[in-house]
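Novice: In the UniProt record's numbering, the protein residues as written are 1 to 159.
Mind having a look at this structure? Questions to follow.
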Ligand SMILES: [Fe+2]
């Protein structure tokens, strides 16, 4: 069937934007899984506040996964799904439940920064094509992950 989308974006632009968004989705999924796992396994004298901090972050991250995947679909492309597809697209490693709380937060800080860089790399792909809807979504993800990273740094006693 011929390309039926007539939205002002070419098929190539939509494919390139969707490929960039797929990397953001895969990194976001990996970070979500790790944040939720550390919410379960974090241990230490500040357990309650760490448990609640990570709960807020994984819930925010979970909601964004659907927005990212559905933006890919709205562009007429298929969203990646499944652990192996996400594993191939993301450089973020699984969490380790044996780690101490500081190591867990440092892990999550590094991984939030990875998502931020991936979203920042995707931004000009959307922006140059005039895809404001994707650029807006990426802006929201940048804001959210920069806020998560700040809260993790502050909890670690860093600026
Ligand atoms: Fe929980």
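The C-beta atom is built at its ideal place from N, Cα and C for all residues, glycine as well.
Expressed to the nearest angstrom, what Euclidean distance is found between the alpha-carbon atoms of residue 42 and residue 91?
Specialist: If you number the chain shown from 1, residue 42 lands on position 42. If you number the chain shown from 1, residue 91 lands on position 91. Their Cα atoms are separated by approximately 23 angstroms.
Novice: Can you tell me where the alpha helix (DSSP H) with residue 48 in it begins and where it stops?
Specialist: Taking the chain shown and counting its residues from 1, one reaches residue 48 at position 48. Residue 48 -> alpha helix (DSSP H) spans 47-74.
Novice: Label residue 64 either buried or exposed according to how many other C-beta atoms from any shown protein chain fall within 10 Å of its C-beta, with 16 as the threshold for buried.
Specialist: Here residue 64 refers to the residue found at position 64 of the chain shown. Label assigned to residue 64: buried.
Novice: If I follow the unbroken alpha helix (DSSP H) through residue 14, where does it start and stop?
Specialist: If you number the chain shown from 1, residue 14 lands on position 14. It spans 11-41 - the alpha helix (DSSP H) in which residue 14 sits, taken as one unbroken run.
Novice: Residue 39: which of 95, 130, 116, 111 sits nearest, CA to CA?
Specialist: Here residue 39 refers to the residue found at position 39 when the chain shown is read from its first residue. For the residues 95, 130, 116, 111, the minimum Cα distance to residue 39 belongs to 95.
Novice: Roughly how far, in whole angstroms, is the beta-carbon of residue 89 from the beta-carbon of residue 119, given that I think they are within contact range, below 8 angstroms?
Specialist: What you label residue 89 is simply residue 89 of the chain shown in a count that begins at 1. What you label residue 119 is simply residue 119 of the chain shown in a count that begins at 1. Going by Cβ atoms, the distance from residue 89 to residue 119 rounds to 14 angstroms, so no, they are not a contact pair.
Novice: Count the C-beta pairs between the stretch 65-81 and the stretch 19-34 that are closer than 8 angstroms, then say yes if the count reaches three, no if not.
Specialist: With a cut-off of 8 angstroms, the stretch 19-34 and the stretch 65-81 count as touching, because enough Cβ pairs lie within range.
Novice: Enumerate in chain order the residues of its own chain whose CB-to-CB distance from residue 156 is below 6 angstroms, with the five nearest sequence positions on each side excluded.
Specialist: Sequence index remark: in the chain shown, residue 156 carries index 156 (1-based). Answer for residue 156: 105, listed in chain order.
Novice: Is the separation between the beta-carbon of residue 114 and that of residue 21 shorter than 9 angstroms?
Specialist: Taking the chain shown and counting its residues from 1, the one referred to as residue 114 is at position 114. Taking the chain shown and counting its residues from 1, the one referred to as residue 21 is at position 21. Cβ atoms of residue 114 and residue 21: not closer than 9 angstroms.
Novice: Three-state secondary structure (DSSP) at residue 91?
Specialist: Working through the chain shown from its first residue, we reach residue 91 at position 91. The answer is coil: DSSP assigns residue 91 none of H, G, I, E or B.
Novice: I'd like the list of long-range same chain contacts for residue 58, defined as Cβ closer than 8 angstroms, with 5 residues on each side in sequence excluded.
Specialist: Locating residue 58 in the chain shown gives position 58, where the first residue counts as 1. Cβ neighbours of residue 58 beyond the five flanking positions: 32, 35, 36, 39.
Novice: Sort 46, 153, 54, 44 by Cα distance to residue 109 and report the nearest one.
Specialist: Mapped onto the chain shown, residue 109 falls at position 109. Checking every option, the nearest Cα to that of residue 109 belongs to 153.
Novice: Whole angstroms is fine: what's the gap from residue 71's alpha carbon to residue 124's?
Specialist: Taking the chain shown and counting its residues from 1, the one referred to as residue 71 is at position 71. Taking the chain shown and counting its residues from 1, the one referred to as residue 124 is at position 124. Roughly 16 angstroms separates the two Cα atoms.
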